[in-house]
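Working notes, structure below.
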């Protein structure tokens with residue numbers, strides 16, 4: 001990968017700014033914990049998505065339920081997002097972020113329909129952020145595959161796998177967290193990133 005130490009992660013800062021702007025709009029329309037305000041702004045409600053309100057698949061990724069929810073996601077986005085953006089570039093980064101978020105929301109809607117919980121209510125950027133964590137795993141795996149005898153590459157891959165496992169244990173233990181949405185986001189992010197990272201690595205090599 002190219003040296004990214006002097007680059008600025010503009011896309012990450014723009015995404016954070018968008019989330020903050022939408023949060024301010026939530027407050028203006030009745031509060032970030034006001035279900036009616038969140039529904040109006042695009043909260044994911046599977047029955048409404050399957051009825052044709054597909055814009056909720058995007059909108060839900062920029063809504064947050066309370067200040068703690070917003071703060072934890074924005075801190076995660078600040079650190080994880082910059083890492084991916086400076087490693088893969090803004091175009092690949094934004095592709096992974098948006099497809100992970102939208103794909104997770106769509107997958108969750110289909111699952112909710114099958115489980116008979118179409119009235120579920122889901123908001124937050126965490127599914128898209130989990131897609132970025134999937135990207136970190138994809139990058140670490142590609143590096144290890146190219147340097148199988150590198151102790152550092154092996155150790156980094158092991159550390160990333162451990163972080164991912166701890167994240168899912170954490171998600172499973174907290175009732176307010178949508179384990180399935182996080183899982184879908186992670187899987188989609190990993191799969192998309194595996195392809196993009198492979199292309200980028202081989203393009204740079206050529």
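Numbering (the working numbering), first residue to last: 1 to 206. We treat Cβ as the ideally placed atom computed from N, Cα and C, and that holds for glycine.
Near residue i, which residues of its chain fall below 6 Å by C-beta distance, leaving aside the five closest residues on each side in sequence?
{"i": "residue 3", "result": "Unreliable placement is indicated for residue 3, whose pLDDT of 46 sits below 50; the coordinate value is still reported in the next sentence. Answer for residue 3: no residue qualifies."}
{"i": "residue 194", "result": "138"}
{"i": "residue 241", "result": "Examination of residue 241 is not possible in this model, given that the chain is present from 1 through 206 alone."}
{"i": "residue 44", "result": "56, 60, 105 and 122"}
{"i": "residue 115", "result": "none"}
{"i": "residue 90", "result": "11"}
Give a yes or no on whether the C-beta atoms belonging to residue i and residue j are separated by under 7 Å.
{"i": "residue 135", "j": "residue 181", "result": "no"}
{"i": "residue 113", "j": "residue 50", "result": "yes"}
{"i": "residue 65", "j": "residue 102", "result": "no"}
{"i": "residue 9", "j": "residue 86", "result": "yes"}
{"i": "residue 189", "j": "residue 84", "result": "no"}
{"i": "residue 53", "j": "residue 118", "result": "no"}
{"i": "residue 183", "j": "residue 92", "result": "no"}
Just to confirm my understanding: we take residue i, look at its own chain, exclude 5 residues before and 5 after, and list those with CB closer than 8 Å. What are they?
{"i": "residue 41", "result": "22, 25, 26, 29, 59 and 63"}
{"i": "residue 36", "result": "30"}
{"i": "residue 80", "result": "129, 132, 133 and 136"}
{"i": "residue 38", "result": "26, 32, 63, 65, 121 and 123"}
{"i": "residue 156", "result": "140, 143 and 144"}
{"i": "residue 209", "result": "Not covered by the structure: residue 209. The range shown for the chain is 1 to 206."}
Please work out which residues of its chain come closer than 7 Å, Cβ to Cβ, to residue i, disregarding the five sequence neighbours upstream and downstream, and give them in chain order.
{"i": "residue 77", "result": "12, 15, 16, 125 and 129"}
{"i": "residue 198", "result": "142"}
{"i": "residue 7", "result": "86"}
{"i": "residue 94", "result": "11"}
Since residue i and residue j should fall inside the 8 Å C-beta cutoff, what is the C-beta to C-beta distance between them, to a whole number of angstroms?
{"i": "residue 164", "j": "residue 140", "result": "No, residue 164 and residue 140 are not in contact; Cβ-Cβ is about 10 Å, not under 8 Å."}
{"i": "residue 34", "j": "residue 70", "result": "That pair is no contact at about 14 Å."}
{"i": "residue 99", "j": "residue 192", "result": "6 Å"}
Within the region 7-65, ranges of the alpha helix (DSSP H) (whole runs, at least 4 residues): 10-28, 35-41, 46-50 and 56-59
Every unbroken alpha helix (DSSP H) within the region 101-136, with a cutoff of 4 residues, ordered by chain: none
Starting from the N-terminal side, write out each stretch of the alpha helix (DSSP H) that is 4 residues or longer and does not extend beyond the region 72-102. 82-88
Whole alpha helix (DSSP H) runs in the region 150-199 with 4 or more residues, listed along the chain? 151-173
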